[in-house]
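Accompanying notes for the structure given below.
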Amino acid sequence: MLEKNKNFKKKNIDIPIINERIPFPEIRLINVQGSQVGILSLEEALQSAEAEGLDLVLISNKSNPPVCRIVDYGKYKFNQEKKAKEAKKKQHSSHLKEVKMRYKIEAHDYQVRLNQALRFLQASDKVKATITFRGREIQHANLAIELLEKMANDLADVSDIQQAPSRDGKNMVMILTPKK
């Protein structure tokens, strides 16, 4: 006896609901010009679509009766893919970028970290400003808080504070988000 492969999955192919695949007996028909024809039986709607040499496409199956439209399916599919591509282009996922420094940072180094944070915020990313302590430096947490507050003030016109400065083990952390 053969063992069945447990990892085998049946491919879910997205078959469009057009022409004879429409499962409803009555539909609301919209013609090529976009005007409503009325409620027809599926056979009458298919005959109308065939007379124009086009396809009958199910637009909305949620309404009662379902809405179908007479269109050139190739063009319709192309436009749907184009809209999906445009929507995907406009999406931007926000990432968390980190800027690390020490509480004893020099003015020039601070300026470099500030410019990095500014660049990240302008790219619509969140910024995690981290100050690391070594050994007994943890006693100077107040200096780290002052430095993080200075950074927040310097970036106040482009960012908001999401998380105020707080201790996280041997680190002091603050999170900034870009202003809308």
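Sequential numbering of the sequence shown, starting at -17, is according to this note's numbering.
Just so it is clear, CB atoms sit at the ideal spot from N, CA and C, and this is done for glycine as well.
Best match in the options for proximity to residue i [C-alpha to C-alpha]
| i | options | result |
| --- | --- | --- |
| H122 | K161, A99, L96, K86 | K86 |
| L158 | N135, L38, L125 | N135 |
| R149 | L130, K67, D139 | L130 |
| V140 | V155, V109, R118 | V109 |
| M83 | K161, K70, A99, E68 | A99 |
| Q145 | M156, Q93, K71 | M156 |
| L40 | R3, A66, D142 | R3 |
| L203 | G16, Q15, S17, E8 | The chain is shown from -17 up to 162; residue 203 falls before or after that span and cannot be answered. |
Terminal residues of the beta strand (DSSP E) in which residue i lies
| i | result |
| --- | --- |
| N144 | A small correction: the amino acid at residue 144 is Gln; Asn does not occupy that position in the sequence shown. First-last of the beta strand (DSSP E) with Q144: 141 to 150. |
| N153 | 153 to 160 |
| A111 | 108 to 114 |
Straight-line gap, residue i to residue j (C-alpha atoms, nearest Å)
| i | j | result |
| --- | --- | --- |
| K79 | D107 | 7 Å |
| F115 | N97 | 22 Å |
| N(-13) | F6 | Because N(-13) carries a pLDDT of 49, less than 50, the predicted location of this residue cannot be relied on, and the following value inherits that uncertainty. Rounded to the nearest angstrom, the two C-alpha atoms are 37 Å apart. |
| N153 | I120 | 8 Å |
| I0 | H77 | 41 Å |
| N46 | L22 | 13 Å |
| R10 | N43 | 10 Å |
| K(-8) | K57 | Residue confidence for K(-8) is low, a pLDDT of 48 falling below 50, so the modelled location carries little weight; the figure read from the coordinates is stated next. Distance between the alpha carbons of K(-8) and K57: 29 Å. |
| D54 | D37 | 6 Å |
| E26 | N13 | 13 Å |
| L125 | K132 | 11 Å |
| I52 | F60 | 15 Å |
| V49 | K162 | 39 Å |
| I92 | I113 | With the sequence shown as reference, residue 92 is identified as Tyr, and Ile is not the correct amino acid for it. Distance between the alpha carbons of Y92 and I113 is about 12 Å. |
| G35 | Q62 | 21 Å |
| E68 | A105 | 19 Å |
| E88 | K70 | 43 Å |
Segment limits, alpha helix (DSSP H) that includes residue i
| i | result |
| --- | --- |
| I127 | 123 to 136 |
| Y92 | 89 to 104 |
8 Å Cβ cutoff, residue i in contact with chain D
| i | result |
| --- | --- |
| E63 | The chain inventory of the structure shown lacks chain D, comprising one protein chain alone. |
DSSP beta-bridge partners of residue i
| i | result |
| --- | --- |
| K64 | None; K64 has no bridge partner. |
| E80 | K110 |
| I0 | V39 |
Runs of beta strand (DSSP E) lying entirely within the region 7 to 54, each at least 3 residues, in chain order: 8 to 12, 18 to 23, 37 to 42, 49 to 53
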